[in-house]
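Here the structure is laid out as structure tokens; the discussion comes afterwards.
Protein chains in written order, with this note's numbering: chain S, 1177 to 1393; chain Z, 241 to 442.
Set out below in structure tokens:
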């Protein structure tokens, strides 16, 4: 989706503020971090669905709220969408009798194992890769309203394949219905002048983006 | 709760209350365990952080054979050091040289190699860096105090898929006498994101 999260090349944000050097500025941010991971471990949604739940915020809200507010929004939203909590429960902070759920919390002694195994996305596929290193490719000019990992600033632009990363879970489909479809993934180099034009581009720089085959013409 | 409450500063207590209610509710419903939340926070506050990545870099600087493996298959070479898993499932290491400087961003969210660097700093997740790193990397680097000569190419790696990047900085001069541990102390988090050089105090 063309949401506020797709920030590459946006103007007007100003200087980078490097003052905050700790992981969590406020206690509540730690809790949101832990809650989000712990809820994710219930297995009711995948990483792409959690990304979509955050980027689908109203753009004004997205840009005017802090990072862990995005996470809080995403966590509440997914818990509601999966029927695990209701709006009235979120407002009261107590469970209503008629909305019992049959899931069980992840125990603390499982945390290390779950984090260590992670969620690999590499997949086997019989489909041959369409492109190889050195190939010139063009990113499709497409604007899905659903989740995609093709940032706007590369769409319609030409780049050169640097590497084939194998086939990975295609995030667009994964976010829609959890389907795990393999898609070849390529690292593509885009010249700055191609992306930003001769006048705006900084000479002697290039951007490398991992691009899924369905995004390429 | 208003969905379009467009205040720049929502009050802290309002958010704190909302988070407390959510946590209490999920604990009551046995959807989360408070100790699990504590363990998750403890992992990234106290156990996993940029010292991991610094050890990988220091080893690559001193062990040519390891460096070759690291650049060829970063996931396996990093896992060999005991660092693996969530947000580091598929790793790539990009090497700074006399002709190339690398820096890493995630323009779409905040993808970052957790097993080697821990959680990203606030500026990495903020709109300013995400907006500007791809379109004006040299200007951004100068803000970080790094002036890359014009003849050296700057490569920006946008982490849009599940590949996570670690920058292998150039080894500072006159460090031949240092051991791996001493070398690792010269490698800052920012140097491994590519917005600092190794050996710089950060």
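Where a beta carbon is used, it is the ideal one built from N, C-alpha and C, also for glycine.
Please read these numbers as outputs of a predicted model, since none were measured by experiment.
- Taking 8 Å as the threshold, the shortest C-beta distance from residue 301/Z to chain S does not fall below it.
- In the three-state reduction of the DSSP assignment, residue 1343/S falls in the strand class.
- Exclusion of the five residues before and after residue 1262/S leaves 1256, 1272, 1275 as the residues of its chain whose Cβ lies within less than 8 Å of its Cβ.
- Given a length threshold of 4 residues, each whole run of the alpha helix (DSSP H) inside the stretch 1314-1360 of chain S is given here in chain order: 1347-1353.
- By alpha-carbon distance to residue 256/Z, the top candidate from 1203/S, 1183/S, 1233/S, 1191/S is 1203/S.
- The CB of residue 263/Z comes closer than 8 Å to the CB of 1207, 1211 in chain S, given here in chain order.
- With contacts defined as CB atoms closer than 8 Å, residue 1371/S and residue 1330/S qualify as a contacting pair.
- Beta-bridge analysis with DSSP links residue 397/Z to 1384/S, 344/Z.
- The CB of residue 290/Z never comes closer than 9 Å to any CB in chain S; the least such distance is about 11 Å.
- Here residue 265/Z is not near residue 1324/S, since their CB atoms are 8 Å or more apart.
- Counting only residues of its own chain and dropping the five nearest sequence neighbours on each side, residue 341/Z has a CB closer than 6 Å to the CB of 388, 392, 394.
- At a cut-off of 8 Å between beta-carbon atoms, residue 313/Z makes no contact with chain S.
- Per DSSP, residue 433/Z is one residue of the alpha helix (DSSP H) stretching across 429-433.
- Scanning the stretch 1230-1265 of chain S from its first residue to its last, the whole alpha helix (DSSP H) runs of 4-plus residues come out as 1235-1240, 1243-1257.
- In summary, residue 1198/S is exposed, with fewer than 16 beta-carbon neighbours lying within 10 Å of its beta-carbon over all protein chains present.
- Here residue 1366/S carries a strand assignment [DSSP, helix/strand/coil].
- Looking at the DSSP output, residue 335/Z sits in a beta bridge with 408/Z.
- Relative to the Cα of residue 420/Z, the nearest Cα in the group 364/Z, 293/Z, 375/Z, 406/Z belongs to 293/Z.
- Exclusion of the five residues before and after residue 1321/S leaves 1177 as the residues of its chain whose Cβ lies within less than 6 Å of its Cβ.
- For residue 377/Z, the enclosing alpha helix (DSSP H) starts and ends at 377-383.
- As the crow flies, the alpha-carbon of residue 353/Z is around 23 Å from that of residue 422/Z.
- Straight across, the Cα-Cα distance linking residue 1298/S with residue 251/Z is about 43 Å.
- Per DSSP, residue 361/Z is not a residue of any alpha helix (DSSP H), being assigned neither H nor E.
- Proximity of chain Z to residue 1382/S at the Cβ level (cut-off 8 Å) is accounted for by 393, 394, 395, 396, in chain order.
- Residue 1298/S carries a strand assignment under DSSP once its states are collapsed to helix, strand and coil.
- Across the structure, residue 407/Z and residue 304/Z are spaced so that their CA atoms are roughly 17 Å apart.
- A contact between stretches requires three or more CB pairs, one per stretch, nearer than 8 Å, and the stretch 1358-1365 of chain S fails this requirement with the stretch 370-379 of chain Z.
- In the structure shown, the three-state DSSP call for residue 281/Z is helix.
- The Cβ atoms of residue 436/Z and residue 356/Z do not sit closer than 8 Å to each other.
- In this structure, residue 1337/S lies near residue 1307/S, with their beta-carbon atoms less than 8 Å apart.
- The DSSP-derived three-state label of residue 255/Z is helix.
- Listed in chain order, the positions of the stretch 426-437 of chain Z with a beta carbon within less than 7 Å of a beta carbon of chain S would be empty, since no residue qualifies.
- Beta bridge pairing from DSSP links residue 1392/S with 1315/S.
- Residue 1295/S sits close to residue 1223/S, with the two beta carbons spaced by under 8 Å.
- Contact with chain Z is found for residue 1292/S, since one of that chain's Cβ atoms lies less than 8 Å from the residue's Cβ.
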